[in-house]
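Peer 1:
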Amino acid sequence: MEQEMKNIYELLEEDIMNSDLSEADKAAKLSRLLQVRSKQVNIMLVGATGSGKSSTINALFDMNVAKVGTGVDPETTTISNFVLDNLTIWDSPGLGDGVERDKRITRDIIAKLNEIGEDGKPIIDLVVVIMDSSSKDLGTTYNLINKVLVPCLGSEASKRIIIGLNQADVAMKGNHWHKEANKPDEVLTQYLKRKAASVQARVKDGTGLDITPICYCAGYCEEGKNQCKPYNLTKLLHSIVQIIPREKRLALADKINTKKENWEHDDEEDDYGEETTKDFVDVVFDYIEVASEVGGKILGVPGKILGGVAGAVIGTITSIFKSIFG
Ligand SMILES: Nc1nc2c(ncn2[C@@H]2O[C@H](COP(=O)(O)OP(=O)(O)OP(=O)(O)O)[C@@H](O)[C@H]2O)c(=O)[nH]1
Ligand SMILES: [Mg+2]
922 MEQEMKNIYE LLEEDIMNSD LSEADKAAKL SRLLQVRSKQ VNIMLVGATG
972 SGKSSTINAL FDMNVAKVGT GVDPETTTIS NFVLDNLTIW DSPGLGDGVE
1022 RDKRITRDII AKLNEIGEDG KPIIDLVVVI MDSSSKDLGT TYNLINKVLV
1072 PCLGSEASKR IIIGLNQADV AMKGNHWHKE ANKPDEVLTQ YLKRKAASVQ
1122 ARVKDGTGLD ITPICYCAGY CEEGKNQCKP YNLTKLLHSI VQIIPREKRL
1172 ALADKINTKK ENWEHDDEED DYGEETTKDF VDVVFDYIEV ASEVGGKILG
1222 VPGKILGGVA GAVIGTITSI FKSIFG
């Protein structure tokens, strides 16, 4: 392993300490940083067996630092968690491997969704439902969304569920996937759009909710088989970040997979890397940089005012993400 890197909180702390602010201002900013640093983010992945939950977690996050934990008691929980400092990922076992097993897993998912944290709020911030876009049988997953997740999350459901249509590369049995460019051709692009629309319609029929699925690839490599790097992973990350409450976002920012190639291939609807960077920069503005007078614009964030320490702190955050998202 490479040498120990400073985490985002430490870098921000350094910037504040090295600034020419008064001691009182430094103390105020450090105390805000401490508040932000205490926030926990919990994300749960659910879906059918083999849809790519584990692959997605590995692609998104820096699992090198993962302390892998398992449920305390395999009798009562089958969901394993990966704790990455302030970020906890809950990886549930795949559904579709037997009726009794599915019942148990479903019970565990419901229990986890109903768990309340010390702040009186549900501990799970977000559920990411992973579907295999090459699968003909998505019935189990529709049942999970329509009969379990949505009823459990109630009025919050559309704000706390993301649907990922994974394995875009093999959605048409590997046809129409541009290996070199690592993206779908026009035929596959249209196919994926129809697939996403049909998933969206099934969920809307069942629950009345409008959730737009994101077509992506977690990536895949195995000798001799169809290989691909992640595709639209930045788009998936961007939608995750937007759901996480602002004051919690640095917990995510700190654990994003730094493998550049994971973030290089996206559709061209948006610059998701830049958008995601902005989502993180906003946190710094809102929670650490309190009031400064000098006007300016960084990354085109509108209506925000930059001054003294902001330049340095924002610069740190921005350069971290520039080096990841390119
Ligand atoms: N072609 C392709 N294969 C993928 C992709 N994502 C995952 N896979 C493969 O699909 C298989 C299952 O992936 P996992 O990540 O283990 O799936 P899972 O949902 O965690 O499965 P369970 O833990 O058994 O429920 C593995 O062989 C992966 O390499 C993808 O985007 N494209
Ligand atoms: Mg798995």
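Here this note's numbering is used: the first residue of the sequence shown is 922, the next is one more, and so on.
Even glycine gets a Cβ: it sits at the ideal position worked out from N, Cα and C.
Bear in mind that the values here come from a model prediction, so they are computed numbers and not experimental data.
#1: Please classify Thr1179 as buried or exposed, where buried requires at least 16 neighbouring CB atoms within 10 angstroms.
#2: Flag this pair as touching only if the stretch 1165 to 1183 and the stretch 951 to 962 have three or more C-beta atom pairs under 8 Å; answer yes or no.
#3: Rounded to whole angstroms, how far is the Cβ of Ile1132 from the Cβ of Gln1148, which I believe are closer than 8 Å?
#4: For Glu1101 and Val1162, I'd like the C-alpha separation in whole angstroms.
#5: Let me confirm a value: Asn1007 is counted as buried when at least 16 other C-beta atoms fall within 10 Å, else exposed. Which label applies?
#6: Could you tell me the boundaries of the alpha helix (DSSP H) in which Leu954 lies?
#7: Should Pro1151 and Ala980 be called a contact, given that it needs their Cβ atoms to be closer than 8 Å?
#8: With distances taken between CB atoms, is the gap from His1186 to Asn1103 smaller than 8 Å?
#9: Going by alpha carbons, who is nearest to Met1093 out of Cys1138, Thr1061, Ser1054, Leu1074?
#10: Taking the alpha-carbon of Ile929 as reference, which of Pro1072, Leu942, Ile1177, Leu1034 has the nearest alpha-carbon?
#11: Would DSSP call Ile1165 helix, strand or coil?
#12: Quick check: the Cα distance between Asp918 and Lys1199, rounded to an integer number of angstroms?
#13: DSSP three-state label for Cys1073, please.
#14: In this structure, does DSSP put Tyr1193 in helix, strand or coil?
#15: According to DSSP, Lys1104 sits in a beta bridge with which residue or residues?
#16: Using a Cβ-Cβ cutoff of less than 6 Å, which residues in the same chain neighbour Ala969 once the five nearest sequence positions on both sides are dropped?
#17: Going by the DSSP bridge assignment, what does Val967 pair with across the sheet?
#18: Just to confirm my understanding: we take Asp1106, look at its own chain, exclude 5 residues before and 5 after, and list those with CB closer than 8 Å. What are they?
Peer 2: With the given structure in hand:
#1: exposed
#2: Because the criterion of three Cβ pairs below 8 Å is met, the stretch 1165 to 1183 and the stretch 951 to 962 touch.
#3: Ile1132 to Gln1148, Cβ: 30 Å. No contact.
#4: 29 Å
#5: buried
#6: 944 to 958
#7: The Cβ-Cβ distance between Pro1151 and Ala980 falls below 8 Å.
#8: For the 8 Å CB-CB criterion, His1186 and Asn1103 form a contact.
#9: Ser1054
#10: Ile1177
#11: coil
#12: Any property of residue 918 remains undetermined from this structure, which presents the chain solely from 922 to 1247.
#13: helix
#14: helix
#15: His1099
#16: Gly1015, Leu1016, Gly1017, Thr1061, Thr1062
#17: Val1050
#18: His1097, Trp1098, His1099
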